[in-house]
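One gets this note's numbering by counting positions in the sequence shown from 1 and adding 129 to each. Here a beta-carbon is modelled for each residue, glycine too, at the ideal position from N, C-alpha and C. What follows is one structure encoded as structure tokens, with my remarks underneath.
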Amino acid sequence: MTAFLIVDVQDVQQRLQRRGIAVDLQELAVGLKGNATLVAGLVGPDKLRALAIVDPDSASAYEQRPRLSRIFRDAGYTILPQTPRDQLSRDLLSLLTGEDSDQPGEVILVTDSEDLLPLVGQVQSAGKTRIRVWGIENVLDGTDLQDTVVFQPLTTLPGLQQTRNVAVYIDFENITISLNEQGFTVNLDHLIERFNSQANAYGQVVKMAAYAPWYQRGSLPPLVDAMGNEVADDAPRRLLMANIDAVNSLPGKNSADMRIARDVTTDAGHEDAADVYIVASGDRDFNDMLTSLRSRGKQVIVWGVRGSTSRQLESNPGIAVEYVEDFTDLKTHRSLWTDSMSPEREEDASAFLPSQWSSIIIQLDRLTSSEDRESVTPEALVEQLLQVTAVSSASRGKDLVTQAVKMGILKALPESGEVLLNPDHPIVGKTRLVTSRIVLRVERTLQVRRWEYVNYGFLIKGLAMDRELGQPGCNLSDLWRSDWIDRLVREQILRRELIPLRLNPEDKEPVISLRSGSEKLLQLPRRAQELHNFEWSGIPFQRLEEMEPETAAMVRRIIVSVEQFTSFRRFLWCPLGSLHKRLLEHDSGTNFQRAIDYLVANEAISLNDYPNPRSSFLTKGISLQTDSLVCHVVLAQRDQLVTALLALYDGGEMISHQSLLARANGHDINLWLSILLSENILNRIPESPGDYSLFRTHHTVNRVANALRSVP
């Protein structure tokens with residue numbers, strides 16, 4: 130197998146020069162051949178055909194042609210005849226396919242020029258020849274070839290890595306404030322990662338330092354992580370983890386400027402000074418210093434922010450200006466909102482975790498619910514954030530409120546100067562949902578079980594069964610649920626305490642309870658809110674079916690399931706937790722809890738703590754009051770359906786939806802089929818969809834059959 134290496138010499142040399150990368154051409158020529166031999170899997174370099182395109186496109190380049198040709202010829206390359214650029218692809222294709230009858234196994238093209246892209250496509254479509262492209266920039270980007278042709282940066286090839294030293298000085302206060310003023314959300318982790326990758330593109334980074342008043346709270350704009358959590362206090366540690374020195378300076382413009390200027394001047398005077406100097410700042414005060422560096426032969430680059438970079442720096446011919454927003458993927462406050470509103474975003478949603486916006490939403494809801502109003506002044510909201518220590522200072526709180534308005538989380542009312550939550554914003558909607566579901570779960574558990582507090586682990590398990598939290602990014606794991614519970618504790622919605630264990634008082638377990646007024650945060654639909662506060666006592670079961678058919682259906686399931694459990698095992702009670710788990714697939718939200726409330730209020734069940742033979746702890750259990758009217762109605766309906774099943778069974782008729790419907794006496798046949806299947810009284814016939822078999826020896830079926838035989 131043969132392989133071809135084709136080097137577009139003039140193009141590669143120019144690209145290297147533009148990037149400020151000095152490479153010995155002799156070493157480049159030899160290194161490319163060695164790497165090509167290795168990549169193509171050849172047994173030796175004699176199987177590699179190395180071709181060099183030395184095609185001058187200017188008078189100065191024409192003068193260099195003899196020298197370049199000699200360098201590559203001495204390294205074993207064949208120098209191609211001068212050919213117009215628009216004919217290169219055609220001539221090279223003829224050369225590749227006309228040398229012998231066998232196609233080359235590998236073609237490696239070293240270029241950044243689009244002139245040779247036709248050759249790439251033609252070689253790829255001609256047969257089984259593999260083709261690679263090596264270059265400084267990926268010329269395949271945005272073409273049909275980008276997904277089918279392998280591209281590798283020249284600077285990553287063994288022996289060709291850059292050896293230029295790079296020093297980076299970041300006026301972090303200037304850059305982050307500028308980004309914030311231009312409407313960007315400053316994602317600290319993303320910014321650090323892009324600073325590193327951009328600097329490494331110029332060579333080996335020997336120094337990178339970020340200057341800011343790190344320990345002066347409120348001097349920097351809000352810095353967040355990928356989840357939107359405020360991380361300004363953790364910024365120095367995160368920088369150090371990325372090998373960036375966090376240099377402390379006093380607040381104010383001149384402090385960081387003077388410190389950077391002094392450090393650059395000192396570092397540039399050393400014998401081992403860097404070759405490339407990058408200063409991240411848009412301040413014009415650096416212009417003279419950077420011009421001085423350029424006069425020493427150093428490559429000088431400025432990282433600035435559009436609209437905040439001095440025109441003197443932008444117009445300085447010796448300085449290359451790169452804009453931070455161009456090599457980062459920072460989101461604007463507005464784009465974060467529009468992105469989150471798109472259906473694609475919802476489908477691919479990652480974990481919806483607590484963030485600084487959670488504090489804004491929860492605390493504003495607390496204020497408005499306690500004062501029975503929709504909007505508050507920004508000052509009142511900031512004061513509330515300070516009170517729960519959600520922000521470190523009033524200035525930070527003001528910045529947070531301003532960003533929330535820009536993102537559309539808050540709406541500003543021009544006439545009153547007050548702010549209110551935007552209920553249509555997805556972050557607002559999800560935060561309210563999660564908060565209300567957790568608060569409701571705690572409140573209901575305390576009510577139903579008559580506890581003073583909820584065990585932390587018990588609460589997490591209960592939330593895992595909450596179907597209302599089944600939205601994208603929600604209820605993903607115990608860790609997700611724990612994060613939100615902890616956030617509501619910090620927001621002073623929930624109270625967390627440690628209490629001694631019963632068997633070992635020296636050990637303690639965490640428990641959760643509600644703080645006063647937290648129940649006002651329940652963001653339920655008006656109808657559900659009415660039911661939440663509804664007085665169930667005295668409501669006939671028929672009326673419940675009209676008001677809440679799903680709750681009435683759950684009442685039937687609870688009564689049938691508890692009766693079957695207790696009668697079969699000859700127990701007085703059924704574990705409440707096990708019952709809920711058994712009926713979970715039929716609980717679309719709080720139907721189980723509402724059904725329990727209804728049954729308790731109408732004295733159809735009792736809830737008590739019972740001794741558990743398998744544990745030293747008491748277990749919350751449910752027992753039926755079978756003489757109650759609602760229990761009598763539901764169990765009578767069940768027995769009527771079982772009687773109909775026995776009639777079909779004894780008569781040798783097929784049990785189906787249709788045959789049972791004729792004997793249902795007006796009962797909801799679909800609901801009762803579901804209940805009887807859940808209780809294993811009926812079983813589906815796999816090979817006959819829609820037909821069922823009766824579990825004739827089932828405990829409940831036997832009891833109904835015996836009762837029928839005892840009737841004269």
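The beta strand (DSSP E) spanning GLN671 covers which residue range?
Taking the sequence shown and counting its residues from 1, one reaches residue 671 at position 542. GLN671 -> not in any beta strand (DSSP E); alpha helix (DSSP H) instead, spanning 670-676.
Please name the residue in LEU157, SER521, GLN769 whose C-alpha comes closest to that of ASP363.
Reading the sequence shown from its first residue, position 234 is the one you call residue 363. For the residues LEU157, SER521, GLN769, the minimum Cα distance to ASP363 belongs to SER521.
If we count the other Cβ atoms within 10 Å of its Cβ and call it buried at 16 or more, is ASN799 buried or exposed?
Residue mapping note: residue 799 aligns to position 670 of the sequence shown, counting from 1. Label assigned to ASN799: exposed.
Looking at C-beta atoms only, is the number of pairs between the region 264-278 and the region 322-330 that lie closer than 8 Å three or more?
Because the criterion of three Cβ pairs below 8 Å is not met, the region 264-278 and the region 322-330 do not touch.
Residues in its own chain within less than 6 Å of LYS176 by CB, not counting five upstream and five downstream?
Residue numbering aside, residue 176 sits at position 47 when the sequence shown is read from its first letter. Hits under 6 Å: THR131.
DSSP state of LYS535, grouped into three classes?
Indexing the sequence shown from 1 puts residue 535 at position 406. Of the three classes helix, strand and coil, the one that applies to LYS535 here is helix, per DSSP.
Return yes when the Cβ of VAL252 is within less than 8 Å of the Cβ of ILE260, no when it is not.
The residue given as residue 260 occupies position 131 in the sequence shown. The residue given as residue 252 occupies position 123 in the sequence shown. Yes, the Cβ-Cβ distance between ILE260 and VAL252 is below 8 Å.
Return the chain-ordered list of same chain residues with a C-beta closer than 7 Å to the C-beta of ASN372, the five sequence neighbours on each side being excluded.
One-based indexing of the sequence shown puts residue 372 at position 243. Only MET337 meet the Cβ criterion.
Tell me whether the region 440-449 and the region 423-431 touch, counting them as touching only if at least three CB pairs, one residue from each stretch, are closer than 8 Å.
Yes: the two stretches touch, three or more of their Cβ pairs being nearer than 8 Å.
Take GLN155 and list the residues in its own chain whose beta-carbon comes closer than 6 Å to its own, dropping the five residues that flank it on each side.
Here residue 155 refers to the residue found at position 26 when the sequence shown is read from its first residue. For GLN155, where only same-chain residues beyond five positions count, the Cβ hits under 6 Å are ILE200.
Since ILE389 and ASP300 are thought to touch, with beta carbons under 8 Å apart, how far apart are those beta carbons, to the nearest angstrom?
As a position in the sequence shown, residue 389 is number 260, starting the count at 1. As a position in the sequence shown, residue 300 is number 171, starting the count at 1. Correct: roughly 6 Å between the Cβ atoms.
Considering only C-alpha positions, which residue in the set GLU679, LEU747, ALA385 is nearest to LEU705?
What you label residue 705 is simply residue 576 of the sequence shown in a count that begins at 1. Checking every option, the nearest Cα to that of LEU705 belongs to LEU747.
Determine which residues share a DSSP beta bridge with ILE784 and list them.
Locating residue 784 in the sequence shown gives position 655, where the first residue counts as 1. ILE784 is bridged to TYR821.
Determine the closest residue to SER437 out of ARG425, ALA449, GLU454, with distance taken between C-alpha atoms.
Here residue 437 refers to the residue found at position 308 when the sequence shown is read from its first residue. It is GLU454 whose Cα lies nearest to the Cα of SER437.
Using only CA atoms, which one of TYR585, PRO247, ALA204, GLY234 lies nearest to ARG214?
For the purposes of this step, residue 214 is identified with residue 85 of the sequence shown, where counting begins at 1. Considering only alpha carbons, the answer is PRO247.
Just how far apart, CA to CA, sit SER487 and LYS590?
The count along the sequence shown starts at 1 and reaches residue 487 at position 358. The count along the sequence shown starts at 1 and reaches residue 590 at position 461. About 23 Å.
Look up GLN513 in the DSSP assignment and say whether it is helix, strand or coil.
Taking the sequence shown and counting its residues from 1, the one referred to as residue 513 is at position 384. It is helical.
Would you say ILE614 faces chain D, with C-beta separation under 8 Å as the test?
The chain inventory of the structure shown lacks chain D, comprising one protein chain alone.
If we ignore side chains and look at the alpha-carbon of each, how far apart do VAL268 and SER254 end up?
Taking the first residue of the sequence shown as 1, we reach residue 268 at position 139. Taking the first residue of the sequence shown as 1, we reach residue 254 at position 125. One C-alpha to the other measures close to 19 Å.
Just reading off the alpha helix (DSSP H) that PRO365 is part of, what are its end residues?
Within the sequence shown, numbered from 1, the residue matching residue 365 stands at position 236. Note, PRO365: alpha helix (DSSP H), 364-370.
Would you call VAL840 buried or exposed, if buried means 16 or more other Cβ atoms sit within 10 Å of its Cβ?
As a position in the sequence shown, residue 840 is number 711, starting the count at 1. Exposed, since its Cβ has fewer than 16 Cβ neighbours within 10 Å.
What is the DSSP secondary structure of GLU451, counted as helix, strand or coil?
Counted from its first residue, the sequence shown places residue 451 at position 322. The answer is strand: DSSP assigns GLU451 an E or B state.
Run through DSSP, which three-state label would ASP137 get?
Translated into the one-based positions of the sequence shown, residue 137 becomes position 8. Three-state result, ASP137: strand.
So LEU598 and VAL571 are in contact, right, with Cβ under 8 Å, and what is the actual spacing, rounded?
For the purposes of this step, residue 598 is taken as residue 469 along the sequence shown, with counting starting at 1. For the purposes of this step, residue 571 is taken as residue 442 along the sequence shown, with counting starting at 1. Actually they do not touch by this definition, with Cβ atoms about 14 Å apart.
What does a CB cutoff of less than 7 Å around ASP726 pick up in its chain, not counting 5 residues either side in sequence?
The residue given as residue 726 occupies position 597 in the sequence shown. If we look at ASP726 and ignore the five residues flanking it on each side, its Cβ neighbours are TRP665.
So, for CYS760: in the same chain, excluding its five sequence neighbours on each side, which residues have a beta-carbon less than 6 Å away from its beta-carbon?
Taking the first residue of the sequence shown as position 1, residue 760 is located at position 631. Closer than 6 Å at Cβ, skipping near neighbours: ILE688, ALA733, LEU753.
Is the region 689-697 touching the region 828-836, taking contact as three or more C-beta pairs under 8 Å?
Contact between the region 689-697 and the region 828-836 is present, because at least three Cβ pairs lie under 8 Å.
Is the region 353-361 touching the region 314-321 in the sense that three or more CB pairs, one from each, lie closer than 8 Å?
Yes, they touch.
Starting from the C-beta of ILE489, find all residues in its chain whose C-beta is less than 6 Å away, skip the five residues before and the five after it, and write them out in chain order.
Counting from 1 along the sequence shown, the entry for residue 489 is found at position 360. Taken in chain order, the residues that qualify are ALA533.
What did DSSP end up calling LYS637 once you bin it into helix, strand or coil?
Here the question's residue 637 lines up with position 508 in the sequence shown. Strand.
Just confirm the distance between the C-beta atoms of MET594 and LEU713, as a whole number of angstroms; I'd bet it's less than 8 Å.
Mapped onto the sequence shown, residue 594 falls at position 465. Mapped onto the sequence shown, residue 713 falls at position 584. Right, the Cβ-Cβ distance comes to about 5 Å (below 8 Å), so this counts as a contact.
Fully enclosed by the region 730-818, which alpha helix (DSSP H) runs are 4 residues long or longer?
Complete alpha helix (DSSP H) runs here, min 4: 758-779, 786-790, 798-807.
What separation, rounded to the nearest whole angstrom, lies between the Cα atoms of ARG566 and ARG596?
Position 437 of the sequence shown holds residue 566. Position 467 of the sequence shown holds residue 596. The straight-line gap from Cα to Cα measures roughly 10 Å.
Where does TRP263 fall in DSSP's three states?
Here residue 263 is taken as the residue at index 134 of the sequence shown, counted from 1. If DSSP states are grouped into helix, strand and coil, TRP263 belongs with the strands.
Determine the burial state of ASP412: buried for a count of at least 16 other Cβ atoms within 10 Å of its Cβ, exposed for fewer.
Walking along the sequence shown from the start, residue 412 turns up at place 283. Classification for ASP412: buried.
Just to confirm my understanding: we take ASP458, look at its own chain, exclude 5 residues before and 5 after, and list those with CB closer than 8 Å. What are they?
As a first step, residue 458 is located in the sequence shown; it is residue number 329 there, counting from the start. Cβ within range, chain order: HIS319, ARG323.
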